[in-house]
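In our numbering, the protein residues as written are 5 to 372.
Using N, Cα and C, we set each Cβ at its ideal position, and we do this for glycine too.
Note sheet for the following structure.
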Ligand code: GLY
């Protein structure tokens, strides 16, 4: 069994729905203990596991799930579909999971979002535990209770807010993560720096180190991101604030989601599309006369350091990208809202942005 070292803990404060996040290496013992506690309470457990994780970390999963009915979910955005959700509902029903049942979800953003929505909708809601397996899921999607699936018309258009009971981040899982996936997670970390943590951004820019799963600094950086996310979710759980609130976490995402949808899911990892989206958000901010004193070279240098794209791999049509943006969840009464930055470390929402500026920004990253 793995031994755990130096576990960092924090809490998402949401009254009765508050829950802990633990971050550290070697958390299988804690997961087994949790499972045994549920079994002692006579509660059934089922698991949803990302197929890629099942291949890369079989020992870790067997140790925890050998006696737990498990459904494997193919890796990739296409799994956030009504077909996979239907299969997952039927899986829980065939295992006779009742309202006291608990779902363990092991995987990245895709399995996490699907599993969360499964838990939100099955029997009108059961408890679930998130065990994120990608850096991106560790710093963002596993925390905060946004769950859902995609439609042809756009990403995450069907879903629910349903908070997990616990988030357990085992850093050992990152050792098996493909380098490209790790880089994609770095895009979300850079996003936190740009939207609310200037010192984190500057630390990443100025450090001579390129972070990797082996770096001892990584757990502190994940902790910082989860702390920011927990604060933002506590203050605006359902993204209803007019002051920005949780919507600010979507910095780079209006552009990023459009790029993913128009390029075809799978061409870009979510974090890669967000990286290009961050460049777009930076340039849009400057066109709006914000972020004047900030260096674009610094941002591009940081993205290059983590092998992240800063322009489109192949050109996409401006019109298609703009249409895809109109399907974004942030569209209200036909008005597209953009998250921009006043400066690095301070994001804000802008309504009624001139679409000519958006076109210029899209062209600057290679759209035509
Ligand atoms: N990933 C954005 C949010 O959780 O609100």
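Remark: fewer than three beta-carbon pairs, one from each stretch, lie closer than 8 Å, so the region 261–276 and the region 163–183 are not flagged as touching.
With distances taken between CA atoms, residue 70 lies nearest to 35 out of 35, 226, 104 and 88. Measuring C-alpha to C-alpha distances from residue 110 to each of 92, 183 and 136 identifies 136 as the nearest.
Residue environment analysis places residue 318 among the exposed positions, since fewer than 16 neighbouring C-beta atoms fall within 10 angstroms of its C-beta. For residue 74, the pairing in a beta bridge is given by DSSP as 51. Rounded to whole angstroms, residue 155 and residue 352 show a C-alpha spacing of 28 Å.
Residue state for residue 26 is assigned as strand, using DSSP reduced to three classes. Taking 8 Å as the cut-off, the Cβ atoms of residue 79 and residue 56 count as close. Residues of the same chain with a CB within less than 8 Å of the CB of residue 274, apart from the 5 flanking positions on each side, are 81, 113, 140, 188, 260 and 264 in chain order. The beta-carbon distance between residue 257 and residue 281, rounded to whole angstroms, is 6 Å. This is short enough to meet the 8 Å contact definition.
The beta carbon of residue 195 sits no closer than 7 Å to any heavy atom of the ligand GLY.
Rounded to whole angstroms, the gap between the alpha carbons of residue 211 and residue 202 is 14 Å. The C-beta distance from residue 168 to residue 130 rounds to 11 Å, too long to meet the 8 Å contact threshold. With 16 or more other CB atoms across the displayed protein chains lying within 10 angstroms of its CB, residue 254 is buried.
Secondary structure of residue 174 (DSSP, three-state): strand. Of 158, 77, 346 and 46, the smallest CA-CA separation from residue 329 is found for 158. Contact between residue 49 and residue 108 holds: CB atoms are separated by about 6 Å, below the 8 Å threshold. Taking every protein chain shown into account, the CB of residue 321 has fewer than 16 other CB atoms within 10 angstroms, so this residue is exposed. In the three-state DSSP reduction, residue 161 falls in the strand class (E or B). The three-state reading of DSSP puts residue 90 in helix, counting H, G and I together. In the DSSP assignment, residue 132 falls outside any alpha helix (DSSP H) and within the unbroken beta strand (DSSP E) covering 131–136. In this structure, residue 150 has its CB closer than 7 Å to one or more heavy atoms of the ligand GLY. At the C-beta level, residue 166 and residue 234 stay beyond 8 Å of one another.
A buried status is given to residue 54, since no fewer than 16 other beta-carbon atoms sit within 10 Å of its beta-carbon. Taking a 10 Å sphere around the C-beta of residue 92, we find 16 or more other C-beta atoms and assign the residue as buried. Look at residue 21: its beta carbon is at least 7 Å from all of the heavy atoms in the ligand GLY.
In this chain, the alpha helix (DSSP H) harbouring residue 304 covers 300–309.
Residue 154 has its Cβ no nearer than 7 Å to any heavy atom of the ligand GLY. In this structure, the beta-carbon distance from residue 118 to residue 153 falls below 8 Å.
Between the C-alpha atoms of residue 309 and residue 65 there is a straight-line separation of about 33 Å.
In this structure, the straight-line span from the alpha carbon of residue 18 to that of residue 231 is close to 14 Å. Bounds of any alpha helix (DSSP H) do not take in residue 142, whose DSSP letter is neither H nor E. The DSSP-derived three-state label of residue 167 is coil. Taking every protein chain shown into account, the CB of residue 332 has 16 or more other CB atoms within 10 angstroms, so this residue is buried.
Inclusion of residue 151 and residue 163 in the CB contact set at 8 Å is warranted, their separation being smaller than that value. DSSP places residue 353 in the uninterrupted beta strand (DSSP E) bounded by 350–354.
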